[in-house]
Amino acid sequence: MVPSVSPPSRARLRLVSPEDAATTGSASGLKDRYSGIADRRLAAILAAEDVAEEYGLSAHVRTTCYVHRCWVHQCISDPLHVLVVTGHRWCRRCDRTVDVEIDETAPGSVELYCDGCGVPPDTVANREVVFSCRSSLVAMYGGEASTPYVVPDC
Numbered sequence: 158m159v160p161s162v163s164p165p166s167r168a169r170l171r172l173v174s175p176e177d178a179a180t181t182g183s184a185s186g187l188k189d190r191y192s193g194i195a196d197r198r199l200a201a202i203l204a205a206e207d208v209a210e211e212y213g214l215s216a217h218v219r220t221t222c223y224v225h226r227c228w229v230h231q232c233i234s235d236p237l238h239v240l241v242v243t244g245h246r247w248c249r250r251c252d253r254t255v256d257v258e259i260d261e262t263a264p265g266s267v268e269l270y271c272d273g274c275g276v277p278p279d280t281v282a283n284r285e286v287v288f289s290c291r292s293s294l295v296a297m298y299g300g301e302a303s304t305p306y307v308v309p310d311c
């Protein structure tokens, strides 16, 4: 069965307003939650994506990692990011973990490969991994001009 409504996408993501922060239960401590992160731009995007998830953003298309508190391309190779059930970083052809190679040198690149069968896994889930990592690279190098989110002053 095909759903009649498409899932929320990054294209529909909007700025976090003080009103959003006030009405979102977990947003009350966003500023404190990421206060220890030196990169304030990263902290702002972490906080915004936390709120956006509550409004429908898929956790699989985040540019930041809530668990590791970094850009997702910096920790995607962690075993915690292998999701066998959904197929994220998983090769269904040979039932093994897919490796990720990230080149952070601007403009950056992301490649998935399977040591078992040698075929790059091309599934929806693995395309989401590549999309998130590429978006993460762009966000990291975006600078002040392209800051997509703001941290509300709570």
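Numbering-wise (the working numbering), the sequence shown opens with residue 158 and increments by one.
All C-beta atoms, glycine included, are put in the ideal place defined by N, C-alpha and C.
Note that the structure is a prediction, hence the values are computed from the model and not measured.
At what residues does the beta strand (DSSP E) containing residue i begin and finish?
i      : result
Glu258 : Asp256 to Asp260
One question on the structure: do residue i and residue j come within less than 8 Å of each other, judged by their Cβ atoms?
i      : j      : result
Val255 : Cys248 : yes
Ser289 : Val224 : no
Cys271 : Arg253 : yes
So the alpha helix (DSSP H) residue i belongs to, where does it begin and stop?
i      : result
Val267 : Val267 -> not in any alpha helix (DSSP H); beta strand (DSSP E) instead, spanning Ser266 to Tyr270.
Cys241 : Inspection of the sequence shows that residue 241 is occupied by Val rather than by Cys. Taken as a continuous stretch (DSSP letters only), Val241 belongs to no alpha helix (DSSP H), as it is neither H nor E.
Ser289 : Val281 to Tyr298
Arg197 : Arg197 to Glu211
Using the Cα positions of residue i and residue j, report the straight-line distance between them to the nearest angstrom.
i      : j      : result
Leu269 : Ala200 : 27 Å
Gly182 : Val276 : Note that Gly182 has pLDDT 49, beneath the 50 cutoff, so the model's placement of it is unreliable and no number is given.
Thr243 : Asp196 : 31 Å
Asp189 : Asp207 : 13 Å
Glu261 : Cys222 : 17 Å
Leu240 : Ser215 : 14 Å
With a threshold of 6 Å on Cβ separation, who are the neighbours of residue i within its own chain once the five nearest residues in sequence on each side are excluded?
i      : result
Gly245 : Residue identity differs from the one stated: residue 245 is His in this sequence, not Gly. Cβ neighbours of His245 beyond the five flanking positions: Ala282 and Val286.
Thr280 : Gly244
Arg291 : Val267
His217 : Glu285
Leu237 : none
For the putative contact between residue i and residue j, defined by C-beta atoms under 8 Å, what is the C-beta separation to the nearest angstrom?
i      : j      : result
Thr220 : Ser266 : Incorrect: roughly 16 Å between the Cβ atoms, too far for contact.
Ile233 : Ala296 : The Cβ separation is near 14 Å, so there is no contact.
Tyr191 : Ala204 : 6 Å
Ile259 : Arg226 : Ile259 to Arg226, Cβ: 17 Å. No contact.
Ala263 : Tyr298 : 6 Å
Give every residue of the same chain whose Cβ lies closer than 8 Å to the Cβ of residue i, excluding the five residues on either side of it in the sequence, and list them in chain order.
i      : result
Cys274 : Cys248, Arg250 and Cys251
Asp235 : His225
Pro160 : Residue confidence for Pro160 is low, a pLDDT of 43 falling below 50, so the modelled location carries little weight and cannot support an answer.
Under 7 Å Cβ to Cβ from residue i, same chain only, skipping five residues before and after it: list those, please.
i      : result
Pro278 : Cys248, Val255, Leu269 and Cys271
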